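Enquirer:
Chains as they are written, first to last, in my numbering: chain A, 1115 to 1292; chain B, 28 to 107.
Written out as structure tokens, the structure is:
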């Protein structure tokens, strides 16, 4: 059973407002939490936005049984992760060191892992696509599906990067007894 | 437990010898974050050559007096 456009818009609107409020509250918490690394806080925030997006998607998919076409606007909630640039801004203004050589190293490794997973995802998705639809289906893929695939890939890059960042900081934290 | 690097150091000892210098004070003087000093002291991070020189300079000692390289093979091999 598919829902009407009006119901879809209303539920999506409510979910969007609630998600935005939650994300902004968590952003404030991450800006205020000076005990953690800036990069670690940014990674936590990115993962939080990812979880909120997934929950919203799950609600829309399971409760409303919406068609595939509006997937992109729901996943676009993930773009709110860009707010992470506000984390650490105050410290930077105060002239504090917020990124040093160790952080850049972690950043580099995490970004590498993110992009590697993106290549893996692209490889996998095109193989599956080709197996399901055949070569002609791959050639005539609709624009919205292509956008959805690339956007999902972008989500994978940032989420895997954030997860790798947290794991690396977590590993280091085991030696934090001072 | 954090994975140990093959580079060992005496930063904690040197900090206490230098009037109980705090990790934050050392971090500020060498231009890194306190967490990096923590990771260094725990042996979880091997610094760049530049950072190693900066730390040695703060304590007024040579790099060798702060950092020692002990390859795993050397540590595991039995004494002659």
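We treat Cβ as the ideally placed atom computed from N, Cα and C, and that holds for glycine.
In this text the structure is predicted, and so the values were computed from the model without any measurement.
Given that residue 1211(A) touches chain B, what residues does it touch there, using C-beta distances under 8 angstroms?
Expert: 54, 55, 58, 59, 60, listed in chain order.
Enquirer: Quick one: which residues of the region 1207 to 1233 of chain A get their C-beta closer than 9 angstroms to a C-beta of chain B? List them in chain order.
Expert: Per Cβ criterion, the list reads 1210, 1211, 1212, 1213, 1214, 1215, 1216, 1217, 1219.
Enquirer: Using the Cα positions of residue 1264(A) and residue 79(B), report the straight-line distance between them to the nearest angstrom.
Expert: So the alpha carbons of these two residues sit roughly 43 angstroms apart.
Enquirer: Below 7 angstroms between beta carbons is the criterion; list the residues of the region 1147 to 1175 of chain A that meet it against any residue of chain B, in chain order.
Expert: Within the region 1147 to 1175 of chain A, the residues whose Cβ lies closer than 7 angstroms to some Cβ of chain B are 1151, listed in chain order.
Enquirer: Does the pairing of the region 32 to 46 of chain B with the region 67 to 86 of chain B give three or more beta-carbon distances under 8 angstroms?
Expert: These segments touch.
Enquirer: Taking C-alpha atoms, which residue in 1284(A), 1286(A), 1273(A), 1243(A) lies nearest to residue 1159(A)?
Expert: Looking at the Cα atoms, 1273(A) is the closest of the given residues.
Enquirer: Going along chain A in order, which residues have a C-beta closer than 8 angstroms to the C-beta of residue 72(B)?
Expert: Ordered by position in chain A, the residues that pass the 8 angstroms Cβ test against residue 72(B) are 1216, 1286.
Enquirer: So, is the C-beta of residue 32(B) closer than 8 angstroms to a C-beta in chain A?
Expert: Not closer than 8 angstroms to any Cβ of chain A, the Cβ of residue 32(B) fails to qualify, so no.
Enquirer: Between the Cα of residue 44(B) and the Cα atoms of 94(B), 86(B), 91(B), which residue gives the shortest distance?
Expert: The option with the nearest alpha carbon to residue 44(B) is 86(B).
Enquirer: Given residue 1156(A), which residues of its chain have a CB within under 6 angstroms of its CB, disregarding the five upstream and five downstream residues?
Expert: If we look at residue 1156(A) and ignore the five residues flanking it on each side, its Cβ neighbours are 1198, 1201.
Enquirer: 8 angstroms is my cut-off, CB to CB: does residue 78(B) come that close to chain A?
Expert: True, the Cβ-Cβ gap to chain A drops below 8 angstroms.
Enquirer: Distance, Cα to Cα, residue 1128(A) vs residue 1170(A)?
Expert: For residue 1128(A) and residue 1170(A), the distance between alpha carbons rounds to 10 angstroms.
Enquirer: What are the start and end residues of each continuous alpha helix (DSSP H) run of 4 or more residues lying completely inside the region 1194 to 1280 of chain A, in chain order?
Expert: Listed in chain order, the complete alpha helix (DSSP H) runs (minimum 4 residues) inside the region 1194 to 1280 of chain A are 1203 to 1207, 1215 to 1253.
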